[in-house]
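Chemist: Order-wise, the sequence lines are chains X and E.
The first sequence begins at 1 in the numbering used here and counts up by one.
The second sequence begins at 178 in the numbering used here and counts up by one.
The beta-carbon is built from N, C-alpha and C at its ideal position, and this holds for glycine as well.
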Amino acid sequence: MPAPVIARAPQPRTEQIILFRVSGQTFAISSASVQEVRSVDNIAGMAQDLPDSSIRKVRHSIRRGDRTLYIVNAALHFGLQPQPAALVFFLRRTRTALLIDGIEKMTTMSRLQALSLAFQGEELNWYRGLTAIDQAVIPVVQPEGFLSLAELTLLEGAQLAADTRAIAAQTSGAHLQ
Amino acid sequence: MSAAPIAALESTQSFVLLRLGERRFALPARQVAELVAPSRIFRFPHKSAEIEGVILRRGRMIPITDIADRLNGKKLTTRRFFLLATRKFATQADWIAIPVSGECELVATDMMESGANDSPHVAGWLSHGGEVIEVLRLSILTPGPVEHIAPLPPHDIAEALP
Chain X
1 MPAPVIARAP
11 QPRTEQIILF
21 RVSGQTFAIS
31 SASVQEVRSV
41 DNIAGMAQDL
51 PDSSIRKVRH
61 SIRRGDRTLY
71 IVNAALHFGL
81 QPQPAALVFF
91 LRRTRTALLI
101 DGIEKMTTMS
111 RLQALSLAFQ
121 GEELNWYRGL
131 TAIDQAVIPV
141 VQPEGFLSLA
151 ELTLLEGAQL
161 AADTRAIAAQ
171 TSGAHLQ
Chain E
178 MSAAPIAALE
188 STQSFVLLRL
198 GERRFALPAR
208 QVAELVAPSR
218 IFRFPHKSAE
228 IEGVILRRGR
238 MIPITDIADR
248 LNGKKLTTRR
258 FFLLATRKFA
268 TQADWIAIPV
278 SGECELVATD
288 MMESGANDSP
298 HVAGWLSHGG
308 EVIEVLRLSI
318 LTPGPVEHIA
328 PLPPHDIAEA
338 LP
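#1: Starting from arginine 93 of chain X, follow the beta strand (DSSP E) in both directions and report where the run begins and ends.
#2: Who are the neighbours of glutamine 138 of chain E on chain X, taking C-beta pairs under 8 Å?
#3: So, does the CB of arginine 8 of chain X fall closer than 8 Å to a CB anywhere in chain E?
#4: If distances are taken between C-alpha atoms only, which option among X:Tyr70, X:Arg38, X:Phe119 comes closest to alanine 158 of chain X?
#5: With tryptophan 126 of chain X and glutamine 142 of chain X assumed to form a contact (beta carbons below 8 Å), what rounded beta-carbon distance in angstroms separates them?
#6: Rounding to the nearest angstrom, what Cα-Cα distance links isoleucine 17 of chain X and serine 116 of chain X in this structure?
#7: Phenylalanine 259 of chain E and serine 316 of chain E look like a contact to me (Cβ under 8 Å); what is the Cβ gap, rounded to whole Å?
#8: For threonine 319 of chain E, collect the residues of the same chain with a Cβ closer than 8 Å to its Cβ; drop the 5 residues on either side in sequence, then sort them by chain order.
#9: Run through the DSSP bridge pairs and tell me what aspartate 287 of chain E is partnered with.
#10: Taking DSSP's pairing of strands, which residues face lysine 265 of chain E in a bridge?
#11: Contact between the segment 54–64 of chain X and the segment 195–209 of chain E: three or more CB pairs below 8 Å?
#12: Under 8 Å, with one C-beta from each stretch per pair, do the segment 118–132 of chain X and the segment 220–234 of chain E reach the 3-pair mark?
#13: How big is the Cα-Cα spacing for proline 12 of chain X and methionine 109 of chain X?
#14: State the Cα-Cα distance for the pair serine 33 of chain X and threonine 171 of chain X, rounded to the nearest angstrom.
#15: Starting from glutamate 199 of chain E and walking both ways along the beta strand (DSSP E), at which residues does that stretch end?
#16: Between which residues of its own chain and serine 278 of chain E is the CB-CB distance below 7 Å, once the five residues before and five after are set aside?
#17: Between the alpha carbons of alanine 337 of chain E and serine 191 of chain E, how many angstroms are there, rounded?
#18: Strictly under 8 Å for the Cβ-Cβ distance: is threonine 319 of chain E near chain X by that measure?
#19: Is proline 82 of chain X near leucine 91 of chain X, with beta carbons less than 8 Å apart?
#20: Helix or strand or just coil, what does DSSP make of histidine 298 of chain E?
#21: Out of E:Leu283, E:Thr189, E:Glu311, state which residue places its alpha-carbon closest to the alpha-carbon of serine 296 of chain E.
#22: Taking 7 Å as the limit between beta carbons, can you name the residues of its chain near leucine 98 of chain X, skipping five residues before and five after?
#23: Measure from the alpha carbon of lysine 224 of chain E to the alpha carbon of each residue in X:Gln48, X:Phe78, X:Ile55, X:Ser54, then state which is nearest.
#24: Nearest chain E C-beta to valine 137 of chain X closer than 8 Å, yes or no?
#25: For aspartate 163 of chain X, count the other beta carbons within 10 Å of its own beta carbon; 16 or more makes it buried, fewer makes it exposed. Which is it?
#26: Taking arginine 247 of chain E as the reference, give the member of E:Pro240, E:Val299, E:Phe219 with the closest Cα.
#27: Using a Cβ cut-off of 8 Å, which residues of the segment 79–91 of chain X contact any Cβ in chain E, in chain order?
#28: Let me know if valine 323 of chain E comes out buried or exposed under the rule of 16 or more other beta-carbons within 10 Å of its beta-carbon.
#29: State yes or no: is the beta carbon of alanine 132 of chain X nearer than 8 Å to at least one beta carbon in chain E?
#30: Would valine 231 of chain E pass as an interface residue toward chain X - the criterion being a Cβ-Cβ separation below 8 Å?
#31: Return no unless some Cβ of chain E is closer than 8 Å to the Cβ of glycine 121 of chain X.
#32: Could you list which residues in chain X have their beta carbon closer than 9 Å to that of phenylalanine 221 of chain E, in chain order?
#33: DSSP on proline 320 of chain E, reduced to helix/strand/coil?
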């Protein structure tokens, strides 16, 4: 005899998020977008200076396998007063490594409200929307929104200049030996 | 003379009268959802200068904008309530919270449509309690997608000519 089918109420769709702090402001990011979290001290030796970067929020890059990621200062990206960052989020499917102050907690959001049509600025690229957690409104960041295509093009130029300089330094060092 | 042209320009509807500093303005009542006590304003980084932050009301996150600045030339010094209203852009309705400085009043009266010389944010005029009151077009007055206003009918333009 077949087992009786029990009708279940549809479960609301939820998403795991990480609440993080940047200059005293709390943001949320989908935990699925964060590939890895490292401390700033941990990556300090691996980061490469980008002295020719014209993008104020990006001063360093880091190699991850065959890819170059750009280290974005989240405070400068959002126009906040920068504070010493403690952690780096390596964001999945982007070329961004994000400098943040700290993680508050991991939680679940059940509702993401699109930004109101009243918002007409850069925030339309910055955020996927807003969510309410513990009676507080938290913007949910868009991982692809930290670097635009135009910014990436400029950064690639700066990276090329930095690589060329590094190769020239190595070559001259080899000649001296 | 037939009264038909006047009837076409005036329509009896319900309006909410709101106070912004010394002046009163009106909004069509169908656009007004609620009048609520000021609550916590949540602020986060953005580049839309006219938006102060958002409030959380019944699970909905509603941006706040002070329209007194544009209408009276100065921001409100006293905020007694937030008026929650909706604006319509093409097919989308969008909520906005407007700080007001006094009680609101619901009236049913005729509205005279705005003319060629009126500012784009003026949808029409009411005569109430000895005052002539602007009916506001919120979609123009508050931040949002640029809205194109349909040109006035030809007879209005002709009337405006000397």
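Modeler: If we stick to the structure as given:
#1: Indexing the first sequence from 1 puts residue 93 of chain X at position 93. Element bounds for arginine 93 of chain X: n/a, residue is neither H nor E.
#2: Outside the displayed range of chain E (178 to 339) lies residue 138 of chain E, so it cannot be described from this structure.
#3: Start at 1 with the first residue of the first sequence, and residue 8 of chain X comes out as number 8. At a cut-off of 8 Å, the C-beta of arginine 8 of chain X has no neighbouring C-beta in chain E.
#4: For the purposes of this step, residue 158 of chain X is identified with residue 158 of the first sequence, where counting begins at 1. Alanine 158 of chain X has its Cα closest to that of X:Tyr70, out of X:Tyr70, X:Arg38, X:Phe119.
#5: Sequence index remark: in the first sequence, residue 126 of chain X carries index 126 (1-based). Sequence index remark: in the first sequence, residue 142 of chain X carries index 142 (1-based). 6 Å between Cβ atoms; contact.
#6: To locate residue 17 of chain X, count along the first sequence from 1; it is residue 17. To locate residue 116 of chain X, count along the first sequence from 1; it is residue 116. C-alpha separation (whole angstroms): 21 Å.
#7: On the second sequence, position 82 is the one that residue 259 of chain E refers to. On the second sequence, position 139 is the one that residue 316 of chain E refers to. Contact between phenylalanine 259 of chain E and serine 316 of chain E fails: their C-beta atoms lie close to 18 Å from each other, not under 8 Å.
#8: Position 142 of the second sequence, counted from the first residue, corresponds to residue 319 of chain E. A distance below 8 Å between beta-carbons, with the five flanking residues on each side excluded, links threonine 319 of chain E to the following residues of its chain, in chain order: Glu227, Thr242, Ile244, Arg264, Ile273, Ile275.
#9: One-based indexing of the second sequence puts residue 287 of chain E at position 110. Its beta-bridge partners are E:Thr189.
#10: Counting from 1 along the second sequence, the entry for residue 265 of chain E is found at position 88. Under DSSP, lysine 265 of chain E takes part in a beta bridge, and its partners are E:Ala270.
#11: No: the two stretches stay apart, fewer than three of their Cβ pairs being nearer than 8 Å.
#12: With a cut-off of 8 Å, the segment 220–234 of chain E and the segment 118–132 of chain X count as touching, because enough Cβ pairs lie within range.
#13: As a position in the first sequence, residue 12 of chain X is number 12, starting the count at 1. As a position in the first sequence, residue 109 of chain X is number 109, starting the count at 1. Straight-line Cα distance between these residues: approximately 10 Å.
#14: Locating residue 33 of chain X in the first sequence gives position 33, where the first residue counts as 1. Locating residue 171 of chain X in the first sequence gives position 171, where the first residue counts as 1. Their backbone Cα atoms lie some 39 Å apart in a straight line.
#15: Here residue 199 of chain E is taken as the residue at index 22 of the second sequence, counted from 1. Glutamate 199 of chain E -> no beta strand (DSSP E), and no H or E assigned at all.
#16: Start at 1 with the first residue of the second sequence, and residue 278 of chain E comes out as number 101. Closer than 7 Å at Cβ, skipping near neighbours: Arg196, Leu197, Gly198, Leu253, Thr255, Arg256, Arg257.
#17: Your numbering for residue 337 of chain E matches position 160 in the second sequence. Your numbering for residue 191 of chain E matches position 14 in the second sequence. Note that alanine 337 of chain E scores a pLDDT of 42, beneath 50, so its modelled location is shaky and nothing firm can be said.
#18: Your numbering for residue 319 of chain E matches position 142 in the second sequence. Answer yes: the Cβ-Cβ gap between threonine 319 of chain E and chain X drops below 8 Å somewhere.
#19: For the purposes of this step, residue 82 of chain X is identified with residue 82 of the first sequence, where counting begins at 1. For the purposes of this step, residue 91 of chain X is identified with residue 91 of the first sequence, where counting begins at 1. No, Cβ-Cβ distance for proline 82 of chain X and leucine 91 of chain X is not below 8 Å.
#20: Along the second sequence, one-based indexing puts residue 298 of chain E at 121. DSSP places histidine 298 of chain E in coil when its eight states are reduced to three.
#21: Residue numbering aside, residue 296 of chain E sits at position 119 when the second sequence is read from its first letter. The shortest Cα separation from serine 296 of chain E among E:Leu283, E:Thr189, E:Glu311 belongs to E:Glu311.
#22: The residue given as residue 98 of chain X occupies position 98 in the first sequence. Around leucine 98 of chain X, the same chain offers Val72, Ala74, Val88, Phe89, Leu91, Phe146 as residues with beta carbons nearer than 7 Å, after the five sequence neighbours per side are excluded.
#23: Residue 224 of chain E sits at position 47 when you count from the first residue of the second sequence. Nearest of X:Gln48, X:Phe78, X:Ile55, X:Ser54 to lysine 224 of chain E, Cα basis: X:Phe78.
#24: In the first sequence, counting from the first residue as 1, residue 137 of chain X sits at position 137. Valine 137 of chain X counts as touching chain E.
#25: Translated into positions along the first sequence, residue 163 of chain X becomes position 163. The C-beta of aspartate 163 of chain X has fewer than 16 other C-beta atoms within 10 Å across all chains shown, which makes the residue exposed.
#26: Here the question's residue 247 of chain E lines up with position 70 in the second sequence. Taking only the C-alpha atoms, the option nearest arginine 247 of chain E is E:Val299.
#27: Answer set for the segment 79–91 of chain X: Gly79, Leu80.
#28: By 1-based counting over the second sequence, the position of residue 323 of chain E is 146. Counting of Cβ neighbours within 10 angstroms places valine 323 of chain E among the exposed residues, the total staying below 16.
#29: One-based indexing of the first sequence puts residue 132 of chain X at position 132. So yes, alanine 132 of chain X belongs to the interface.
#30: One-based indexing of the second sequence puts residue 231 of chain E at position 54. Valine 231 of chain E counts as touching chain X.
#31: Taking the first sequence and counting its residues from 1, one reaches residue 121 of chain X at position 121. True, the Cβ-Cβ gap to chain E drops below 8 Å.
#32: Residue 221 of chain E sits at position 44 when you count from the first residue of the second sequence. Chain X residues near phenylalanine 221 of chain E: Gln25, Thr26, Phe27, Phe78, Glu123, Tyr127, Leu130, Val137, Ile138, Pro139.
#33: Translated into positions along the second sequence, residue 320 of chain E becomes position 143. Proline 320 of chain E falls in the coil class under three-state DSSP.
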